[in-house]
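This report refers to the structure that appears directly beneath it.
There are 2 protein chains.
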Amino acid sequence: MLRTVNSPVLRLSRPFHIPRVSSLPTRKLATTLRRLANRAVVYSSNGEPSSVLSTISYPDLPPPPPDGVNVEFLLSPINPADRNLVQGVYPVKKQTETLGHSSGVYVGGNEGLAIVKSVGEEAQQQFGLKEGDWVVMGKQQAGTWSSERCVGAQDVIKVPKDIGEVHGATITVNPPTAYNMLRDFVNLKEGDWVLQNGANSAVGEAVIQIAAHRGLRTINFVRNRTDIDGLKQHLQSLGGTHVFTYDDLSDKSTINHIKSLIGGSDPKLLLNCVSGKDTTSMLRLLGADATLVSYGAMSKQPLSVPTSYFIFKNLKTCGFWQSRWYNEHSREEREALMNAIVDIIRAGKLREPEHETVTIPGSTSDEEATQLVRETMRKVEDGAGRKVLLRVENVE
Amino acid sequence: MLRTVNSPVLRLSRPFHIPRVSSLPTRKLATTLRRLANRAVVYSSNGEPSSVLSTISYPDLPPPPPDGVNVEFLLSPINPADRNLVQGVYPVKKQTETLGHSSGVYVGGNEGLAIVKSVGEEAQQQFGLKEGDWVVMGKQQAGTWSSERCVGAQDVIKVPKDIGEVHGATITVNPPTAYNMLRDFVNLKEGDWVLQNGANSAVGEAVIQIAAHRGLRTINFVRNRTDIDGLKQHLQSLGGTHVFTYDDLSDKSTINHIKSLIGGSDPKLLLNCVSGKDTTSMLRLLGADATLVSYGAMSKQPLSVPTSYFIFKNLKTCGFWQSRWYNEHSREEREALMNAIVDIIRAGKLREPEHETVTIPGSTSDEEATQLVRETMRKVEDGAGRKVLLRVENVE
Chain A
90 MLRTVNSPVL RLSRPFHIPR VSSLPTRKLA TTLRRLANRA VVYSSNGEPS SVLSTISYPD
150 LPPPPPDGVN VEFLLSPINP ADRNLVQGVY PVKKQTETLG HSSGVYVGGN EGLAIVKSVG
210 EEAQQQFGLK EGDWVVMGKQ QAGTWSSERC VGAQDVIKVP KDIGEVHGAT ITVNPPTAYN
270 MLRDFVNLKE GDWVLQNGAN SAVGEAVIQI AAHRGLRTIN FVRNRTDIDG LKQHLQSLGG
330 THVFTYDDLS DKSTINHIKS LIGGSDPKLL LNCVSGKDTT SMLRLLGADA TLVSYGAMSK
390 QPLSVPTSYF IFKNLKTCGF WQSRWYNEHS REEREALMNA IVDIIRAGKL REPEHETVTI
450 PGSTSDEEAT QLVRETMRKV EDGAGRKVLL RVENVE
Chain B
90 MLRTVNSPVL RLSRPFHIPR VSSLPTRKLA TTLRRLANRA VVYSSNGEPS SVLSTISYPD
150 LPPPPPDGVN VEFLLSPINP ADRNLVQGVY PVKKQTETLG HSSGVYVGGN EGLAIVKSVG
210 EEAQQQFGLK EGDWVVMGKQ QAGTWSSERC VGAQDVIKVP KDIGEVHGAT ITVNPPTAYN
270 MLRDFVNLKE GDWVLQNGAN SAVGEAVIQI AAHRGLRTIN FVRNRTDIDG LKQHLQSLGG
330 THVFTYDDLS DKSTINHIKS LIGGSDPKLL LNCVSGKDTT SMLRLLGADA TLVSYGAMSK
390 QPLSVPTSYF IFKNLKTCGF WQSRWYNEHS REEREALMNA IVDIIRAGKL REPEHETVTI
450 PGSTSDEEAT QLVRETMRKV EDGAGRKVLL RVENVE
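Keeping their order, the protein sequence lines are chains A and B.
The numbers in this note's numbering rise by one with no breaks, and the one at position 45 of the first sequence is 134.
The numbers in this note's numbering rise by one with no breaks, and the one at position 356 of the second sequence is 445.
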């Protein structure tokens, strides 16, 4: 249901709200008196998300400023980086915010799909935004684990509704990371090989699919596991050319087998989200003048490279961080990036990530909602598997 | 003494030579009959230079082909890479050569100063080379540990005589490595900081001087040693801004002191010839968007970098190899590079490397010359210190 925040109807509704909650304890009554229609998942100090996150409610938003839009978040993922930021181990400085009575809090969530609820005049004229549009966040750390927020019109990017809510909610981080890493470092042409590790990560799977879409061939490495054949089949069904385990790297005959598959057209790009010794072992599969791009370090080990690779094989190593990419690129470039990803989705070449949706119902109290958020985070911390997409409902 | 090889006079001299050596044993007589006027330091299989190197004598050169020049080497350094190549641990493939009766040998020496003895017609017309010119080698592995060789005119670069023999003999490897590393990776402007380790290496000292010449400031790291103050004074006298030891990197207050010296203008370039943990420790002194260029690995350890530096600080790491530079650049670019170094030398901003000259006298037998070469190599292997410049005389 579309609803213009701060509309006369809603403002008038406040007095009528009191009777409904008059039977609740005083403290609850006091907050409810302020017509706390919105909710956010917040923290005020760093720690494990399952311990430090809580939900707060806050009043309806005022109309947006001329260059702003009020948006309602439909679906916002819990990404690993979000958890690291709450833990205090992600190098992003967030400003504390004040939401209603709650001051000095950080609102969680970086990525998310939102629907435009009301638009400032400039925002309308300059960016063509209108009520009902779907938008994603072009600015980092927008606090997407919330129901409604006011954001700068220049910081959102419109996306079409035919891609669906799940693609919309997950389109700004993982697919563009894969897309940009395959584009910005090595000039790859059809048939070229790309090596990657952590191939079953969200980015890894996007790499496989976008590479396949471009006619690139991928050699994908994953950890060995009980159902390794199932995982190999899954990654190959996404378009992965070959899948191996890190264990294979210690077997010289497998190395030679991989080299024979490559057939002399040595890979010039290695995408790394693991580091540690397994990544070092992968270097021997690279050709001269190759680039190793790191976007993660799941092994929690450094990247260790024999110096001879740099000097004699002209290896380059660097990093990729989609957040920096957004900060360093114009609004037009961000839009072009989103359009490119939308095209791939529309072509049916990028699957929705496996996910489950957790709704924080508007009917729950903040205490109940906090418990639900913390339970969800515990499951995420246990590595239960599928990506969780949060839907924080307006408070009823 | 200038002498045109293969001149009628020399050809006529053969018969008259026999009586002089008629009292020598038959084997020696047989070789001497061929007028073995030249000598080279060669090896036919890899191993320690002090074991596998020997000298051979070979006849006067025929006149050069139209696009060639015959040159006489005046002075040729023994560089660490030369030793590694003999050991078989340097990734350069050399073709075996035939010199007179000696076939299947590799001639040692990559760098050297030579004087032009005779010039092919094209070489004269196209490259303006003439007898008596000083030239250095623009092509790698020219076999400079020899008296006279024929080389392609396009593979030599003229240098002026006023720079002196020692600068001429050492101008193609270390100074251009330093010059290019300070130019090709980061756009440095006057006052910018450069970090380096192995600062007392030949390249390290060239870095200090060329950086100072450009108004760049250097923070130089060396191993701690008994006479560390003397070394610090020496490097500062070359123009090094600050000198620290790797031990200082484990002291937080020294780190903070260095940071205060840098004063917020964080270095964007780290030149590395050490690798290992000391180099990892240096990373914290770098600013964002920095580049680490490796040109050596004296620790024999890999370069180990926490992945976060790549992702969040946008660190890039790569390598530099002057040999590759020559291979990838045109003759004009090589000449421009030499001219730039010559200008710095003429401006008095680049000192001759500390060195000693070892002459392989023309009066010695090949056996004696071999012993002298091997003794010299043993001294070099012991790390006696100063760079050795070989002068392989024509055989008398």
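We put the beta carbon where it would ideally sit given N, CA and C, even for glycine.
- Using beta-carbon distances, B/VAL292 does not count as an interface residue toward chain A, since no partner is under 7 Å.
- For A/TYR179, the closest alpha carbon among the candidates A/ALA170, A/THR185, A/GLU186, A/ILE344 is that of A/ALA170.
- Flagged as an interface residue toward chain A: B/PRO180, by a C-beta distance shorter than 7 Å.
- The region 307 to 349 of chain B contains, as complete alpha helix (DSSP H) runs of 4+ residues, the segments 317 to 327 (chain order).
- Per DSSP, B/GLY257 is one residue of the alpha helix (DSSP H) stretching across 253 to 258.
- Closer than 7 Å to the CB of A/LEU392 there is at least one CB belonging to chain B.
- Residues ASP222, VAL224 of the same chain have their beta carbon placed closer than 6 Å to that of A/LYS247, with the five preceding and five following residues left out of the count.
- Not a single CB atom of chain A sits nearer than 7 Å to the CB of B/LYS357.
- Annotation: B/SER388 to B/GLY287 spans about 10 Å, alpha carbon to alpha carbon.
- Spanning the alpha carbons of A/ALA429 and B/GLY177 requires a straight line of approximately 50 Å.
- Inter-residue distance for B/LEU271 and A/VAL462 is about 53 Å (C-alpha atoms, whole angstroms).
- Looking at A/VAL181, A/GLU200, A/CYS239, the one whose alpha-carbon comes closest to that of A/ASP156 is A/CYS239.
- The continuous stretches of beta strand (DSSP E) do not include B/GLU470, which lies in the alpha helix (DSSP H) extending over residues 455 to 470.
- At a cut-off of 7 Å between C-beta atoms, B/LYS206 does not count as an interface residue with respect to chain A.
- Contact annotation: in the region 406 to 428 of chain A, residues whose CB is within less than 8 Å of a CB in chain B are THR406, CYS407, GLY408, PHE409, TRP410, ARG413.
- The residue from B/ASN416, B/GLY136, B/ILE204 with its alpha-carbon nearest to that of B/VAL160 is B/ILE204.
- Contact between B/VAL131 and B/SER191 holds: their C-beta atoms lie close to 7 Å from each other, under 8 Å.
- Between B/ASN269 and B/VAL292, the CB-CB gap reaches or exceeds 7 Å.
- B/ALA425 counts as exposed, since fewer than 16 other C-beta atoms from the protein chains shown sit within 10 angstroms of its C-beta.
- Taken atom to atom, the span from the alpha-carbon of A/ASP432 to that of A/GLY198 is near 26 Å.
- Here the C-alpha atom of A/THR453 lies approximately 27 Å from the C-alpha atom of A/HIS256.
- For A/GLU237, the beta-bridge partners assigned by DSSP are A/GLU161.
- A distance of 7 Å or more separates the beta carbons of B/VAL447 and B/ARG128.
- By a beta-carbon distance limit of 8 Å, A/VAL283 does not contact A/THR266. Their separation comes to about 14 Å.
- For B/ILE400, the nearest CB of chain A lies under 7 Å from its own CB, placing it at the interface with that chain.
- The Cβ-Cβ distance between B/ASN309 and B/VAL275 does not fall below 7 Å.
- For A/ASN416, the enclosing alpha helix (DSSP H) has its first and last residue at 411 to 417.
- In terms of beta-carbon proximity, B/ALA231 stays away from the interface with chain A, with every pair separated by 7 Å or more.
- Taking B/ARG303 as the centre and dropping the five residues before and after it, the same chain places the C-beta of LEU271, LEU277, GLU279 closer than 8 Å to its C-beta, in chain order.
- In this structure, B/PRO166 keeps its C-beta atom at 7 Å or more from the C-beta atom of B/GLU137.
- For B/SER207, the uninterrupted beta strand (DSSP E) segment begins and ends at 202 to 208.
- Burial is judged here by how many other beta carbons sit within 10 angstroms of a residue's own beta carbon; A/GLN215 has fewer than 16 and is exposed.
- Collapsing the DSSP output to three states places A/PRO166 in a strand.
- In the DSSP assignment, the residues bridged to A/CYS407 are A/VAL382.
- B/TYR335 is not a Cβ neighbour of B/LEU372, given a cutoff of 7 Å.
- Between the region 409 to 428 of chain B and the region 375 to 391 of chain A, the count of C-beta pairs closer than 8 Å stays below three; the two stretches do not touch.
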